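Under UniProt numbering, think of the first position of the sequence shown as 2, with each following residue one higher.
Okay, so here's the structure we're looking at.
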Amino acid sequence: MYKACLFDLDGVLVDTAIYHFQAWKNLGKQFGYELTEEQNEQLKGVSRVESLNKILDWANYLATQEQKAAWLIEKNEDYLRLISNMNPSEILPGVLEFLQQIKDLGYKIALGSASKNAEIILEKTGLMPWFDLIIDGNKVSKSKPDPEVFLKGAEGLGLSPETCIVFEDAQAGVEAAKAGKMKAIGIGEAETLALADKIIPNFIGVKAAELLQF
Ligand code: G6P
Ligand code: MG
2 MYKACLFDLD
12 GVLVDTAIYH
22 FQAWKNLGKQ
32 FGYELTEEQN
42 EQLKGVSRVE
52 SLNKILDWAN
62 YLATQEQKAA
72 WLIEKNEDYL
82 RLISNMNPSE
92 ILPGVLEFLQ
102 QIKDLGYKIA
112 LGSASKNAEI
122 ILEKTGLMPW
132 FDLIIDGNKV
142 SKSKPDPEVF
152 LKGAEGLGLS
162 PETCIVFEDA
172 QAGVEAAKAG
182 KMKAIGIGEA
192 ETLALADKII
202 PNFIGVKAAE
212 LLQF
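Put into C-alpha cells, the structure is as follows:
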C-alpha cells in the first residue's frame with residue numbers, strides 16, 4: 002500500500018550538517034559566541050531564520066532586524082562557499098543502492114527539505130535525476146515539525162499521506178512526518194529519533210523490501 006518515499010536531504014542523503022555548523026560557527030564568532038556540537042544537533046531540520054533566532058537566544062544577544070537580515074545573507078554566502086566543491090563522493094554510504102532498490106520496487110521518490118539550497122546540492126552531487134518531485138525551503142512557509150513540507154510532497158505526487166514513508170535524521174523532521182500521518186524511518190540514533198516507526202543507523206546494506214514493510 003505504500004507508494005512513495007520522501008527524503009530529507011541534509012543528514013539523510015548527504016552530510017551537509019558539517020557545512021551548516023561551520024557557517025553558523027563563523028557567524029557566531031562575530032558576536033563572541035562559540036556554538037557547540039550539541040547545539041548544532043538542535044539546528045538540524047530547522048530553517049535558516051529559526052536557526053539564527055535560536056543561536057541569538059543561546060548567546061543572549063539582542064539583534065536588530067537589519068542585523069539579522071544581514072547575518073542571514075552572510076551565513077548563506079559562507080555556506081555556499083563551503084558547499085561549492087561538493088560532488089557525488091559526498092552522497093552518504095548506501096544511499097545510491099537504496100534509491101535504486103526503491104525505484105525498482107516502483108516507489109515514487111520525492112525530496113522534503115527545509116533547505117533553500119536543496120537544488121544546488123542535488124545538482125552538485127548528481128542526485129537530481131532520482132527525484133520525481135522536489136519540495137524545498139522555497140516552497141514552504143512553515144518549518145518542520147509542521148508537516149507542510151511532506152504534505153506538499155504527497156499532494157504533488159498525487160498520493161494520500163498515509164501511503165508515504167519519510168526518511169529523516171532530525172527529531173523535528175520525524176515529528177513532521179508523524180503529524181502528517183506518514184510512516185517515519187529515522188536515520189541515526191535511537192535517542193534523538195524516538196518517535197520514528199523504525200530507526201536505521203545509515204543505508205549501508207539495507208534491504209528496501211524488508212525495511213518498507215509495516
Ligand atoms: C536543513 C538543515 C538545517 C538548515 C535548513 C535550511 O533542514 O538541516 O540545518 O538550516 O535546512 O537550510 P538553508 O540551506 O536554506 O539555509
Ligand atoms: Mg536532516
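Every residue gets a Cβ at the ideal spot worked out from N, C-alpha and C, and that includes glycine.
All figures in this text were calculated on a predicted structure; none of them were measured in a lab.
- Task: Could you pull out every residue in the same chain whose Cβ sits closer than 6 Å to the Cβ of Asn118, ignoring the five residues on either side in sequence?
- Result: Contacts found: none.
- Message: Using a Cβ-based criterion (distance less than 8 Å to any ligand heavy atom), does Ala119 qualify as near ligand 1?
- Response: yes
- Query: Looking only at DSSP bridge pairs, what is Gly113 linked to?
  - Reply: Ile136
- Item | Option nearest Thr37 by Cα separation, candidates Ala60, Ser48, Glu51 | Ala60
- ligand 1 heavy atoms versus the CB of Val47: any closer than 8 Å? Of the heavy atoms belonging to ligand 1, at least one sits nearer than 8 Å to the Cβ of Val47.
- Message: Let me make sure I understand the geometry here. Which of Lys145, Leu158, Leu83 has the alpha-carbon closest to that of Ile122?
- Response: Leu83
- Item | In DSSP terms, what Glu169 is bridged to | Gly187
- Task: With a 10 Å radius around its C-beta and 16 neighbouring C-beta atoms as the bar for buried, classify Val167 as buried or exposed.
- Result: buried
- Item | N- and C-terminal bounds of the beta strand (DSSP E) containing Leu36 | Segment: none, Leu36 is in no beta strand (DSSP E) and carries neither H nor E.
- Message: At a cut-off of 8 Å, would you count Ser85 as near ligand 1, judging by its Cβ distance to the nearest heavy atom?
- Response: In this structure, Ser85 has its beta carbon at no less than 8 Å from each heavy atom of ligand 1.
- Item | Assigned exposure category for Lys74 - 16 Cβ within 10 Å defines buried | The residue asked about is misnamed: residue 74 is Ile in this sequence, not Lys. By the 10 Å Cβ count, Ile74 comes out exposed.
- Message: Tell me whether the stretch 161 to 175 and the stretch 39 to 48 touch, counting them as touching only if at least three CB pairs, one residue from each stretch, are closer than 8 Å.
- Response: In short, these stretches touch, since the Cβ pair count reaches three.
- How would you call Met2, buried or exposed, if buried means at least 16 neighbouring beta carbons within 10 angstroms? exposed
- Helix, strand or coil at Val47 according to DSSP, with G and I counted as helix: Note: Val47 maps to coil in three-state DSSP.
- Item | Among Gly159, Asp16, Gly29, Lys30, the one whose alpha carbon lies nearest that of Lys109 | Gly159
- Query: What does DSSP give as the partner residues of Phe151 in its beta bridges?
  - Reply: Answer by DSSP bridge pairing: none, since Phe151 is not bridged.
- Task: Look at the alpha carbon of Lys104 and the alpha carbon of Met87, and state the distance between them as a whole number of angstroms.
- Result: Cα atoms of Lys104 and Met87: separation of roughly 25 Å, rounded to the nearest angstrom.
- Top-ranked residue by Cα proximity to Met183, from Leu106, Ser161, Leu53, Glu190: Ser161
- Are there 16 or more other CB atoms within 10 angstroms of the CB of Ala71, so buried, or fewer, so exposed? exposed
- Can you tell me the Cβ-Cβ gap for Gly95 and Asn203, rounded? I've got them flagged as a contact below 8 Å. 6 Å
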